[in-house]
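> Read top to bottom, the protein sequences are chains B and E. Numbered by the working numbering, the letters in the first sequence go through residues 23 to 205 in order. Numbered by the working numbering, the letters in the second sequence go through residues 23 to 205 in order. Below: one structure in structure tokens.
Protein chains: 2
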Amino acid sequence: MSNRYELRFSGAGGQGLILAGIIMAEAAAIYDGKQALQSQSYGPEARGGASKSEVIISDEPIDYPKATAVDALLALTQEACDKYSGDLKENGILLLDSDLVKKLPKGKYRVVKFPIINTAKNEVGRTIVANIVALGAMVALTGIVSKESAEKAVLARVPEAFTDLNRKAFLAGYEKAVAAKKG
Amino acid sequence: MSNRYELRFSGAGGQGLILAGIIMAEAAAIYDGKQALQSQSYGPEARGGASKSEVIISDEPIDYPKATAVDALLALTQEACDKYSGDLKENGILLLDSDLVKKLPKGKYRVVKFPIINTAKNEVGRTIVANIVALGAMVALTGIVSKESAEKAVLARVPEAFTDLNRKAFLAGYEKAVAAKKG
């Protein structure tokens, strides 16, 4: 049985989704000793406002590096949710921004939602760390990397002056997701 | 005939090779209207000091997203050159840091070299922009994206406070590569 796990971070361009993907991959590979592949494709399907990055995590070498059956999808905008939820697995995790994604895709998913952008803006203090809030939530929901590894990977990738801000964003996302899952 | 073009940026971790790859992909896709896929894999082969990122550019959808026959390889360190030059195409472009890569891999390549890190440090003024110097050189040598598109893509990705530094780095790399190719 394959232990391949596929994650997709989607939203709008400029939301830092590539960085979220890189941090997830580095948490898995550098700190958790797994193999990981992180990618973004740019083509006609990526035109318009929607944007995504993908991470594949496995205990074995990753032969086919494109996501084909997504285990966990983040959607920060309605457009991204509409565009990129087509290959989410049955019973896969669908993490949504509850303020911005109102229309759910058809299919049987485990939907978790909370106001991700709003949490970054009003609880953490900066909209720009919404990607790190979302990353914290994805770590909590998927369990595919440890919380400690992910936090280390975040801190290794962000400018030192913003360590506290990003740690706060990561933990806020992690905790909100745990609460939203229970609720 | 396929018009698929594969680039690999290699060196040491922390040299900004992922960012160089992202900028190359965005130059191709956002500004030149091509399709592009940018990726990094993390696994046992990436342990140790060597690090790489890859970009595939095509006029058509990119079915297989892993580099298999590299058209152009950047190597900023000897270790990266040793590790990642194995699937460089015959007559492919091999861009080297002439201070740091002394031993050439076996095979028939078009080798271009100049002191990339030293150019960043002493001519542009900051070692940290060595990735952008290298990117400028790769743009000049491959011609796979236009100079104008690449410059726009650089400026869209770097912090506004460092616009001038990065433009200078890009142009220095571009010009040094043109001169090194002739020389």
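The beta-carbon is built from N, C-alpha and C at its ideal position, and this holds for glycine as well. This structure is a prediction, so every number in the text was calculated from the model and none was measured.
1. At what residues does the beta strand (DSSP E) containing B/Arg30 begin and finish?
2. Does DSSP put E/Glu182 in a helix, a strand or coil?
3. What does E/Ile84 reach in chain B if we use C-beta pairs closer than 8 angstroms?
4. Any Cβ of chain E within less than 8 angstroms of the Cβ of B/Ile44?
5. Check whether the Cβ atoms of E/Asp93 and E/Tyr27 lie closer than 8 angstroms to each other.
6. Measure the alpha-carbon distance for B/Val161 versus E/Val134 and round it to whole angstroms.
7. Quick test of your reading: E/Ser61 and B/Ser61, contact by CB under 8 angstroms. State the CB separation rounded to the nearest angstrom.
8. For B/Asn113, report the span of its beta strand (DSSP E) as first-last.
9. Along the chain, where does the beta strand (DSSP E) containing E/Glu76 start, and where does it finish?
10. When the cut-off is 8 angstroms and only beta carbons count, does B/Ile139 lie next to chain E?
11. Would E/Val146 and E/Ala178 be called neighbours here (beta carbons separated by less than 8 angstroms)?
12. If we define contact as Cβ-Cβ less than 8 angstroms, is E/Lys105 a contact residue for chain B?
13. With a floor of 3 residues, list each beta strand (DSSP E) that falls wholly inside the stretch 89 to 170 of chain B, ordered by position along the chain.
14. Would you give the residue range spanned by the beta strand (DSSP E) that E/Ala47 belongs to?
15. Should the stretch 149 to 167 of chain E be called in touch with the stretch 37 to 51 of chain E, which here means at least 3 C-beta pairs below 8 angstroms?
16. Using 8 angstroms as the Cβ pair cut-off and three pairs as the minimum, do the stretch 190 to 204 of chain B and the stretch 121 to 133 of chain E touch?
17. Could you compute how far the alpha carbon of B/Ile138 sits from the alpha carbon of B/Gly195?
18. Mind checking who B/Tyr64 pairs with in its DSSP beta bridge?
19. Take the Cβ of E/Gly43 as the centre, count every other Cβ of all protein chains shown within 10 Å, and call the residue buried at 16 or more, exposed below.
20. Would you say E/Pro293 faces chain B, with C-beta separation under 8 angstroms as the test?
21. For B/Met23, count neighbouring C-beta atoms within 10 Å of its own C-beta (all shown protein chains included) and say buried if the count is 16 or more, exposed if not.
22. By the 10 Å Cβ neighbour count, where 16 or more other Cβ atoms means buried, how is E/Glu182 classified, buried or exposed?
23. Please state the DSSP three-state secondary structure of E/Met23.
24. Please confirm whether B/Ala89 and E/Tyr64 have their CB atoms less than 8 angstroms apart.
25. Consider the Cβ of B/Met23: report whether some Cβ of chain E lies at a distance smaller than 8 angstroms.
26. Closest by CA to B/Tyr53, which one among B/Val180, B/Lys169, B/Leu187 and B/Thr185?
27. Exposed or buried, what is B/Glu82 when buried is set at 16 or more other beta-carbons lying within 10 Å of its beta-carbon?
28. What is the rounded straight-line gap between the Cα of B/Ile166 and the Cα of B/Ser75?
29. Starting from the beta carbon of B/Glu88, find every residue of chain E whose beta carbon is closer than 8 angstroms, and list them in chain order.
30. When the cut-off is 8 angstroms and only beta carbons count, does E/Glu101 lie next to chain B?
31. Taking just the CA atoms, how far does B/Thr185 sit from E/Arg148?
Judging by the given coordinates:
1. By 1-based counting over the first sequence, the position of residue 30 of chain B is 8. Counted as a single uninterrupted DSSP element, the beta strand (DSSP E) harbouring B/Arg30 occupies residues Tyr27 to Ala34.
2. Position 160 of the second sequence, counting from 1, holds the residue named residue 182 of chain E. It is helical.
3. Taking the first residue of the second sequence as 1, we reach residue 84 of chain E at position 62. Contact note: E/Ile84 reaches chain B through Ser63 and Gly65, using a C-beta cutoff of 8 angstroms and chain order.
4. Within the first sequence, residue 44 of chain B is the residue found at index 22, counting from 1. It does: the Cβ of B/Ile44 has a partner Cβ on chain E nearer than 8 angstroms.
5. Counting from one through the second sequence, the residue named residue 93 of chain E turns up at place 71. Counting from one through the second sequence, the residue named residue 27 of chain E turns up at place 5. Yes, the Cβ-Cβ distance between E/Asp93 and E/Tyr27 is below 8 angstroms.
6. Sequence index remark: in the first sequence, residue 161 of chain B carries index 139 (1-based). Sequence index remark: in the second sequence, residue 134 of chain E carries index 112 (1-based). Taking the straight line from one Cα to the other gives about 43 angstroms.
7. Along the second sequence, one-based indexing puts residue 61 of chain E at 39. Along the first sequence, one-based indexing puts residue 61 of chain B at 39. Confirmed, Cβ separation roughly 4 angstroms.
8. Position 91 of the first sequence, counted from the start, is the residue given in the question as residue 113 of chain B. Here the beta strand (DSSP E) through B/Asn113 covers Leu110 to Asp119.
9. Start at 1 with the first residue of the second sequence, and residue 76 of chain E comes out as number 54. First-last of the beta strand (DSSP E) with E/Glu76: Ala72 to Ser80.
10. Residue numbering aside, residue 139 of chain B sits at position 117 when the first sequence is read from its first letter. Taking 8 angstroms as the threshold, the shortest C-beta distance from B/Ile139 to chain E does not fall below it.
11. The residue you call residue 146 of chain E lines up with position 124 of the second sequence. The residue you call residue 178 of chain E lines up with position 156 of the second sequence. Against a cut-off of 8 angstroms, the Cβ pair of E/Ala178 and E/Val146 comes out as no contact.
12. Here the question's residue 105 of chain E lines up with position 83 in the second sequence. The C-beta of E/Lys105 comes no closer than 8 angstroms to any C-beta of chain B.
13. Qualifying beta strand (DSSP E) stretches, in chain order: 92 to 97, 110 to 119 and 132 to 136.
14. Against the second sequence, residue 47 of chain E aligns to sequence position 25. No beta strand (DSSP E) holds E/Ala47; the alpha helix (DSSP H) holding it covers Leu39 to Glu48.
15. Judged by Cβ distances under 8 angstroms, the stretch 149 to 167 of chain E makes contact with the stretch 37 to 51 of chain E, as three or more pairs qualify.
16. No contact exists between the stretch 190 to 204 of chain B and the stretch 121 to 133 of chain E.
17. Residue numbering aside, residue 138 of chain B sits at position 116 when the first sequence is read from its first letter. Residue numbering aside, residue 195 of chain B sits at position 173 when the first sequence is read from its first letter. One Cα belongs to B/Ile138, the other to B/Gly195, and the distance between them is close to 7 angstroms.
18. The count along the first sequence starts at 1 and reaches residue 64 of chain B at position 42. B/Tyr64 is bridged by DSSP to E/Ala58.
19. Looking up residue 43 of chain E in the second sequence gives position 21. That one is buried.
20. Because chain E is modelled from 23 through 205, residue 293 of chain E falls outside the range shown and cannot be assessed.
21. Locating residue 23 of chain B in the first sequence gives position 1, where the first residue counts as 1. In this prediction, B/Met23 has a pLDDT of 43, which is less than 50 and means its spatial position is unreliable; nothing more can be read from the coordinates.
22. For this step, residue 182 of chain E is matched to residue 160 along the second sequence. By the Cβ-count criterion, E/Glu182 is exposed, with fewer than 16 other Cβ atoms from all chains shown falling within 10 Å of its own Cβ.
23. For the purposes of this step, residue 23 of chain E is taken as residue 1 along the second sequence, with counting starting at 1. Per-residue confidence for E/Met23 stands at a pLDDT of 43, beneath the threshold of 50, marking its modelled position as unreliable; the derived number appears in the next sentence. Coil at E/Met23, not helix or strand.
24. As a first step, residue 89 of chain B must be located in the first sequence, where it is residue number 67. As a first step, residue 64 of chain E must be located in the second sequence, where it is residue number 42. It is not a contact, given that the beta carbons lie outside the stated cut-off.
25. Taking the first sequence and counting its residues from 1, one reaches residue 23 of chain B at position 1. Any reading at B/Met23 must be qualified, since the residue scores a pLDDT of 43, below 50, and its modelled position is unreliable; no value is offered.
26. For the purposes of this step, residue 53 of chain B is taken as the residue at position 31 of the first sequence. Of B/Val180, B/Lys169, B/Leu187 and B/Thr185, the residue nearest in Cα terms is B/Lys169.
27. Here the question's residue 82 of chain B lines up with position 60 in the first sequence. Result: exposed.
28. Within the first sequence, residue 166 of chain B is the residue found at index 144, counting from 1. Within the first sequence, residue 75 of chain B is the residue found at index 53, counting from 1. Answer to the nearest angstrom: the Cα atoms are 17 angstroms apart.
29. Here residue 88 of chain B is taken as the residue at index 66 of the first sequence, counted from 1. It should be pointed out that residue 88 of chain B corresponds to Lys in this sequence rather than to Glu. B/Lys88 reaches chain E at Pro87, counting residues in chain order whose Cβ is nearer than 8 angstroms.
30. Locating residue 101 of chain E in the second sequence gives position 79, where the first residue counts as 1. So, not an interface residue.
31. Stepping through the second sequence from its first residue, residue 148 of chain E is reached at position 126. Stepping through the first sequence from its first residue, residue 185 of chain B is reached at position 163. The alpha-carbon atoms of E/Arg148 and B/Thr185 are separated by roughly 23 angstroms.
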